[in-house]
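To start, the structure itself, in structure tokens.
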Amino acid sequence: VHSQSELKEVREYAESKGIKLYHRKAFSGDTELLKSEIDMVHMLSEDFGITDPITIGWKPMSEEDFAETSANHQQIWFNELVLRSRQITEANLSSDNVLATNSADGIAAHEMGHIISGKIRNGKSGLDIYKETVYNVSGKRVTDDEAVALLIENVSIYSGLLTVKSNGTVAYHEIIPEMVSVNYTNPNNYSKEFVRLLKEACEL
4 VHSQSELKEV REYAESKGIK LYHRKAFSGD TELLKSEIDM VHMLSEDFGI TDPITIGWKP
64 MSEEDFAETS ANHQQIWFNE LVLRSRQITE ANLSSDNVLA TNSADGIAAH EMGHIISGKI
124 RNGKSGLDIY KETVYNVSGK RVTDDEAVAL LIENVSIYSG LLTVKSNGTV AYHEIIPEMV
184 SVNYTNPNNY SKEFVRLLKE ACEL
């Protein structure tokens, strides 16, 4: 467990990037890994012009969860185990191959994708943006089902996850986070075009 002075240094590092650390719980992870996650959140905040304050914290979670974003899109919580060791976290990401990236930094990018999705101004969904991406890159028009199949095959199983909101609406809420995580860890032509269109949807 890090000393108060060590944690103070990380807190000041986060504050210099415009990010608040929620640190009521002792931190027993890798401070350099935590700083790397802070850097990713900061970079995406800058890239998408997000001025709302963002808080980063850590807490116990189930083994299957790497992180989560609060409903108000202002807090990112990491599974405290994720921040213990970059090597072990990335080995775990590689072993199940469910998420789009095997980089620990992709976890922060993914959660920022959830925050960014709340900034869309033109009503487009992640599926709409992905279908437009496929057309712009390959010239092929695809149906919703074809787009989801392409996402599962070429991005990740998780990107094709269908989730139900508390109000009963059903949507693919993981497309934007997964495409953002790809673009900011291992970009390709599809992820670059997707992020360009995403920025348009956020009226940037």
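Residue 91 in our numbering sits at position 88 of the sequence shown, and the numbers go up by one each step.
The beta-carbon is built from N, C-alpha and C at its ideal position, and this holds for glycine as well.
- Going by C-alpha positions, N100 is about 38 Å away from S8.
- Under the three-state reduction of DSSP output, A103 falls in the coil class, being neither helix nor strand.
- Residue state for G60 is assigned as strand, using DSSP reduced to three classes.
- For N186, the number of other beta carbons within 10 angstroms of its own is at least 16, and it is reported as buried.
- Counting C-beta atoms within 10 angstroms of its own C-beta, D108 has 16 or more neighbours from the protein chains shown and is therefore classed as buried.
- Annotation for K23: the continuous beta strand (DSSP E) segment containing it runs I22 to Y25.
- Residue burial is scored here from C-beta neighbours: N82 has at least 16 other C-beta atoms within 10 angstroms and is therefore classed as buried.
- I79 sits buried, since 16 or more C-beta atoms from the chains shown fall within 10 Å of its C-beta.
- Between A94 and S184, the beta carbon gap of about 18 Å keeps them out of contact (Cβ cut-off 8 Å).
- Annotation: G121 to E135 spans about 19 Å, alpha carbon to alpha carbon.
- Here L96 is not near D33, since their CB atoms are 8 Å or more apart.
- The shortest C-alpha to C-alpha distance from G126 to any of L200, N157, I57 and I155 is the one to L200.
- When DSSP states are grouped into helix, strand and coil, E66 belongs to the coil group.
- The C-alpha of G142 is placed about 33 Å away from the C-alpha of V44.
- Here Q78 is bridged, per DSSP, to T58.
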